[in-house]
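Structure first, commentary second.
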Amino acid sequence: MTDRPARLVVLVSGSGTNLQALLDACADPAYGARVVAVGADRDDIEGLVRAERAGVPTFVKQVGHFTSREHWDRALTDTVAAFEPDLVVLAGFMKLVGAQFLERFDGRVVNTHPALSPSFPGMHGPADALAYGVKVTGCTLFVVDAGVDTGAIVAQRAVPVEDDDTVESLHERIKVAERGMLVDTVGRMAREGFRVEGRRVLLGR
Ligand code: GRF
Numbered sequence: 002m003t004d005r006p007a008r009l010v011v012l013v014s015g016s017g018t019n020l021q022a023l024l025d026a027c028a029d030p031a032y033g034a035r036v037v038a039v040g041a042d043r044d045d046i047e048g049l050v051r052a053e054r055a056g057v058p059t060f061v062k063q064v065g066h067f068t069s070r071e072h073w074d075r076a077l078t079d080t081v082a083a084f085e086p087d088l089v090v091l092a093g094f095m096k097l098v099g100a101q102f103l104e105r106f107d108g109r110v111v112n113t114h115p116a117l118s119p120s121f122p123g124m125h126g127p128a129d130a131l132a133y134g135v136k137v138t139g140c141t142l143f144v145v146d147a148g149v150d151t152g153a154i155v156a157q158r159a160v161p162v163e164d165d166d167t168v169e170s171l172h173e174r175i176k177v178a179e180r181g182m183l184v185d186t187v188g189r190m191a192r193e194g195f196r197v198e199g200r201r202v203l204l205g206r
């Protein structure tokens with residue numbers, strides 16, 4: 002990262018509240034980053050509307066519009082690359098990016114997961130935590146690798162599980178923590194830089 006604001010490309014699949022938190026943070030020049038594009042794997046989602054409202058360019062790459070997962074991955078990679086991101090943020094992006102994507106943006110893709118890794122990877126983190134009966138769960142920001150929610154951990158926040166929680170109430174409480182974690186950590190990555198040493202992610206130069 003350099004002294005200019007870091008260029009963020011954010012990928013979303015749904016409501017985009019994590020994206021909104023980043024857009025709001027980026028409105029302050031002192032934050033050190035700006036969202037240069039927002040991409041999605043589907044149309045008609047609130048996340049894209051949030052980007053458009055903020056005047057940020059958007060694009061959609063649907064897997065079903067391509068002849069193979071590899072072609073989709075290539076198109077997604079090329080489109081994201083055209084925006085010259087310093088950091089790619091997967092914020093509720095419900096697809097696994099492929100090998101070409103990871104190769105092109107090696108070590109510069111982060112994802113937020115609504116569980117405390119390495120517990121409860123995959124699509125149903127809050128439901129799995131509730132079903133297991135843990136008393137504390139949370140969220141994890143990690144550098145994406147080829148696995149499912151297995152990458153080196155940048156930040157985590159703990160969230161209590163309440164006795165009367167439903168999957169929805171628990172996920173909403175996690176998302177509050179998740180947005181704070183995402184904004185705080187991506188800002189620090191942008192302003193201070195970061196490096197990955199084995200499984201450890203170190204902020205600062
Ligand atoms: C987040 O909890 C994310 O970790 C999960 O889906 C949620 C997305 O929320 N994969 P939003 O679209 O940012 O509101």
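For what it's worth, the numbering used here labels the leading residue of the sequence shown as 2, then goes sequentially.
Just so you know, even glycine gets a beta-carbon here, dropped at the ideal spot from N, CA and C.
Computed from a predicted model, the values in this text were never measured in an experiment.
So what's Ile46 in DSSP terms, helix, strand or just coil? Working through the sequence shown from its first residue, we reach residue 46 at position 45. Reduced to three states, the DSSP call for Ile46 is coil.
Taking all protein chains shown into account, decide if Gly17 is buried (16 or more other Cβ within 10 angstroms of its Cβ) or exposed. As a working note, residue 17 is residue 16 in the sequence shown. Label assigned to Gly17: buried.
For Leu97, the nearest candidate out of Gly134, Leu88, Val64, Tyr133 (CA to CA): Looking up residue 97 in the sequence shown gives position 96. Minimum Cα distance to Leu97 is reached at Val64.
Spatial distance of Thr138 from Thr59 (CA atoms): By 1-based counting over the sequence shown, the position of residue 138 is 137. By 1-based counting over the sequence shown, the position of residue 59 is 58. Cα to Cα, the separation comes out at about 33 Å.
What three-state label does DSSP hand Gly139 in the structure shown? Translated into positions along the sequence shown, residue 139 becomes position 138. Here Gly139 sits in strand by DSSP.
Please name the residue in Pro119, Pro115, Gly134 whose C-alpha comes closest to that of His125. The residue you call residue 125 lines up with position 124 of the sequence shown. Closest by alpha carbon: Pro115.
Within 10 angstroms of the Cβ of Ala191, are there 16 or more other Cβ atoms? Answer buried if so, exposed if not. Locating residue 191 in the sequence shown gives position 190, counting from the first residue. Result: buried.
Does at least one heavy atom of ligand 1 sit under 7 Å from the Cβ of Gly17? For this step, residue 17 is matched to residue 16 along the sequence shown. Yes, since a heavy atom of ligand 1 falls inside the 7 Å radius drawn around the Cβ of Gly17.
Please list, in chain order, all residues of the same chain as Gly99 whose beta carbon is under 6 Å from its beta carbon, the five residues on each side excluded. The residue you call residue 99 lines up with position 98 of the sequence shown. Excluding residues within five positions, the ones whose Cβ falls inside 6 Å are Asp74.
Decide yes or no for the touch test of the segment 33-43 against the segment 8-24: beta carbon pairs closer than 8 Å, at least 3 of them. yes
Would the C-beta of Thr186 count as close to ligand 1, meaning under 7 Å from any of its heavy atoms? Residue numbering aside, residue 186 sits at position 185 when the sequence shown is read from its first letter. False, no ligand heavy atom lies under 7 Å from that Cβ.
Identity of the residue in Ile175, Gly56, Leu142 nearest Val202 by Cα: Your numbering for residue 202 matches position 201 in the sequence shown. Comparing alpha-carbon positions, the option among Ile175, Gly56, Leu142 lying closest to Val202 turns out to be Leu142.
Burial state of Pro119, where buried means 16 or more other Cβ atoms lie within 10 Å: As a working note, residue 119 is residue 118 in the sequence shown. Label assigned to Pro119: exposed.
Looking only at its chain, what residues have a beta carbon closer than 7 Å to the beta carbon of Asp166, apart from the 5 residues adjacent to it on each side? One-based indexing of the sequence shown puts residue 166 at position 165. Around Asp166: Leu131.
Check for me: the alpha helix (DSSP H) holding Leu91 runs from which residue to which? For the purposes of this step, residue 91 is taken as residue 90 along the sequence shown, with counting starting at 1. Where Leu91 is concerned, there is no enclosing alpha helix (DSSP H), although the beta strand (DSSP E) it sits in stretches over 88-91.
Starting from Leu183, trace the alpha helix (DSSP H) both ways and give me its first and last residue. Taking the first residue of the sequence shown as position 1, residue 183 is located at position 182. 168-193 is the extent of the alpha helix (DSSP H) around Leu183.
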